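Working notes, beginning with the structure itself.
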Amino acid sequence: MIPITKPFLPPIDEYKSYVDSIWERQWLTNMGPLSSDLEMKIKDHLEVNHLLFVTNGTIALQIAIKALDLSGEIITTPFSFVATSSSIVWEGCSPIFVDIDSKSLNIDANKIEAAITERTSAILATHVYGNPCDVMMIEEIASRNNLKVIYDGAHAFGVKVNGRSIFEYGDISTCSLHATKLFHSTEGGLLITSNPEILKRMAYIRNFGISGFDSFAELGINGKNSELHAAMGLVNMKYLKMIHEKRKIITEAYDEKLKTLKAFKPKWHANATLNYAYYPIVLESEQFLLDVKTMLEQHEIFTRRYFYPSLANALPYLPPISLENTDNISKKVLCLPLYYDLTLEEVNLICRLILRAQNN
Ligand SMILES: *Cc1c(COP(=O)(O)O)cnc(C)c1O
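Using this note's numbering, read the sequence shown as starting at 2 and increasing by one per residue.
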């Protein structure tokens with residue numbers, strides 16, 4: 002069986018030695034030493050100014066919206082994981098969906114300005130598959146219209162644009178450290194900002210709004226993560242380079258083998274590095290996608306329609322709207338298996354089967 006993804010699991014002894022240290026300290030959660038250490042190490046690794054380790058990537062989005070006091074309408078992308086839209090609704094705001102660019106599959110920055118009204122407070126865009134949005138244009142639009150910018154960087158760990166971490170763009174960036182993501186702490190998330198005031202507010206919000214033994218700075222929630230999760234993150238950090246190299250090799254093997262496939266990959270940002278988080282392909286038709294997906298499943302190979310359906314017409318708590326590129330692309334995009342343990346033989350097999358389906 003070849004799944005779409007498999008979490009990276011480090012040698013268990015390395016994890017156990019961290020667990021032993023947790024037992025010794027008897028400090029399990031609430032910003033413990035391992036959580037702080039993980040924050041420091043990720044900060045150094047990503048070369049970002051400020052960062053918080055939180056429970057997951059969804060609470061990170063919710064805290065970001067709260068910390069910027071957003072209200073009214075938030076312009077966002079319908080081509081993302083549901084948490085991007087649901088966080089907006091959960092925080093009492095309305096998502097305003099703007100269509101994606103048919104090449105990059107990110108929000109089309111050229112269409113943002115037309116969606117701005119007097120109720121708009123922010124733009125929340127996803128770096129889909131780790132491919133950076135048009136951050137320069139979005140920044141320009143935001144400053145011209147006095148809007149805040151949050152980036153959902155759940156897929157974008159390690160990516161740099163113009164030599165700078167992708168997480169340094171916008172007012173706040175979030176990341177997910179969920180087990181299925183590129184770098185994980187079992188469950189986990191990150192909040193990144195270069196603004197120390199915003200950082201301070203987010204740190205309060207993460208811890209119930211508590212600002213001292215007898216005082217509260219503001220409305221907060223429990224977004225703290227545990228020492229056991231931090232330990233997983235710390236062990237996995239040692240393998241980042243190895244994981245990156247392996248995923249690069251797998252990606253290049255797919256590229257090579259699928260050269261004759263009638264499909265395209267999302268157009269990557271010209272000044273950005275790659276992190277090999279996913280292997281998405283946009284096929285010629287939905288029918289061909291369904292044929293390929295079913296045929297691969299018969300061989301116990303599992304792909305995923307990531308992202309289908311469009312969030313703009315699938316959520317029961319929002320009125321459905323159609324957006325041409327999103328509706329079209331979401332029907333034809335398929336992510337192929339990509340994870341550390343995937344072998345090149347398996348990649349070959351997957352590619353052979355797909356090409357055979359094309360030639361039938
Ligand atoms: C995974 C993901 C999230 C949510 O992260 P969790 O850590 O699972 O809560 C948010 N946005 C996108 C784009 C994601 O892929």
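Note that beta-carbon positions come from the ideal geometry of N, C-alpha and C, so glycine has one too. Source: prediction; values computed, not measured.
query: Rounded straight-line distance, which links the Cα of G159 to that of M78; result: According to the sequence as given, residue 78 is Thr; it is not Met. Roughly 22 Å separates the two Cα atoms.
query: Length of the line joining the Cα atoms of G164 and K263; result: 33 Å
query: Where T59 falls, given that 16 or more other Cβ within 10 Å makes a residue buried; result: buried
query: The segment 247–264 / the segment 210–228 touching (three or more Cβ pairs under 8 Å); result: no
query: Assigned secondary structure, Y307 (DSSP; H/G/I helix, E/B strand, else coil); result: coil
query: Nearest-angstrom beta carbon gap, Y19 and L29 [assumed within contact, 8 Å]; result: Actually they do not touch by this definition, with Cβ atoms about 12 Å apart.
query: Presumed contact (8 Å Cβ cut-off) between A278 and L183, rounded CB distance; result: 5 Å
query: Any alpha helix (DSSP H) of 4 or more consecutive residues that is wholly inside the segment 15–94; result: 34–47, 58–68 and 83–91
query: Integer Cβ distance of L52 from S88, believed to fall under 8 Å; result: Not a contact, Cβ separation roughly 19 Å.
query: Counterpart residues of Y277 in DSSP-defined beta bridges; result: Answer by DSSP bridge pairing: none, since Y277 is not bridged.
query: Straight-line Cα distance separating S174 from L125; result: 9 Å
query: Ligand 1 heavy atom lying under 7 Å from the CB of S227; result: no
query: Within-8 Å CB hit, V99 to chain B; result: The structure shown has no chain B; it contains just one protein chain.
query: Chain-ordered list of residues that sit, by beta carbon, closer than 6 Å to a heavy atom of ligand 1; result: N57, G58, T59, S81, F82, A84, T85, T127, D153, A155, H156, S177, H179 and G190
query: Cβ contact check for the segment 83–101 and the segment 131–141: 3 or more pairs under 8 Å; result: no
query: Where the beta strand (DSSP E) through V136 begins and ends; result: Where V136 is concerned, there is no enclosing beta strand (DSSP E), although the alpha helix (DSSP H) it sits in stretches over V136 to N146.
query: 6 Å CB neighbourhood of I23 in its chain, flanking five on each side removed; result: E228
query: Cβ-based burial, N107 [other Cβ within 10 Å; buried from 16]; result: buried
query: Backbone CA spacing between D70 and L297 [nearest angstrom]; result: 47 Å
query: The segment 135–145 contacting the segment 290–304, beta-carbon criterion three pairs below 8 Å; result: no
query: Cα-Cα separation, A123 to N111; result: 16 Å
query: Whole-number beta carbon distance between S166 and L47, since they are thought to touch under 8 Å; result: 5 Å
query: Helix, strand or coil at N349 according to DSSP, with G and I counted as helix; result: helix
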